[in-house]
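Heads up, the thing below is written out as structure tokens.
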């Protein structure tokens, strides 16, 4: 039978350890995570030198480097530094793995979480570069499916498809029994055009890759004009017909108003002329010549302004049998016709 005192002591220690773990976890969460980078980050071959840089956001006292999950190196940095550098000289096969870094500060004594991993991919020239083939009808038109075939001579592993201009492979797959991988580009667009190459990763513990093989160039032909650009300037698809122009409409209204005024004046003159003839031909009326009554018509429209009124001035000149006195000249009666268009020009 276990004594109650021993049980209580174990429970106390367990609670203390659990509390310490919680405090440590909270402290780690309060520190920003470091970031790890490789220089150079690609194109590294066996025998090359590589530098790993651990970037910290706070003043750190110590930085640790982990290789494939195991602590492999550490370095102290002063308060003025925010980066710790670790050099790998003469890269070997076992160096082609994943790396992490972590840092610790002194006041207070807190330790950060680990950085995201980085992969040191190393090219091993002992592996032959794979061959690449473009399986597509010529010319390749937009929307077609294209197959790019890579062969690694039955070395197994994983075959990668690379496109020039991209730092990472765009596709990967395991080869079939004949050492061939078929990469299909579905519904190609002009963005898929470019130069492609292949590599493969051999099976095993490390990130060893073959050199890049020969290349193929994919050219994509566009089958239609870009969206929003009509193929012909006349075929715009606009079926709305003629559009209403307010300036043209107002100008037409003004012209119609002026024509109406002229017609009204002419009609008035004709009616007045006919009435005068009838009075002259009535019994007891003194005969008058056809030119006894004269009308003077003037039409005035202010230039460039259709808001003004249009006047038709009618001057009726009636002959008199009496001789006018020299002191006062007779005035002819004047008749005005006033018409407004009611709208601006």
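Residue numbers (my numbering): 5 to 349.
For each residue, glycine too, the CB sits at the ideal point set by N, CA and C.
Small disclaimer: the values here were computed from a predicted structure and weren't measured.
Residue 63 sits close to residue 109, with the two beta carbons spaced by under 8 Å. Residue range 198–205 is occupied by the beta strand (DSSP E) that includes residue 203.
In this structure, residue 116 lies away from residue 103, with their beta-carbon atoms at least 8 Å apart. In this model, residue 171 and residue 44 are separated by some 12 Å (Cα to Cα).
In terms of Cβ geometry, residue 76 and residue 58 do not form a close pair [threshold 8 Å]. Assignment of beta-bridge partners to residue 89 by DSSP yields 57. Taking a cut-off of 8 Å for Cβ pairs, the segment 220–229 and the segment 178–196 touch, as three or more such pairs fall below it.
Of 269, 265, 206 and 137, the smallest CA-CA separation from residue 128 is found for 206. Counting C-beta pairs with one atom in each stretch, the segment 129–138 and the segment 201–218 have three or more that are closer than 8 Å, which means they touch. In the displayed model, residue 283 falls within a helix according to three-state DSSP. For residue 184, the enclosing beta strand (DSSP E) covers residues 184–189. Across the set 188, 145, 181 and 160, the C-alpha of 188 shows the shortest separation from the C-alpha of residue 153.
Residue 80: member of the beta strand (DSSP E) spanning 74–80, first to last residue. Around the beta carbon of residue 90, a 10 Å sphere encloses 16 or more other beta carbons of the protein chains shown; the residue is thus reported as buried. About 6 Å separates the Cβ atoms of residue 114 and residue 35, confirming a contact at the 8 Å cut-off. Just measuring C-alpha positions, the residue of 165, 54, 260 and 267 sitting nearest residue 41 is 54.
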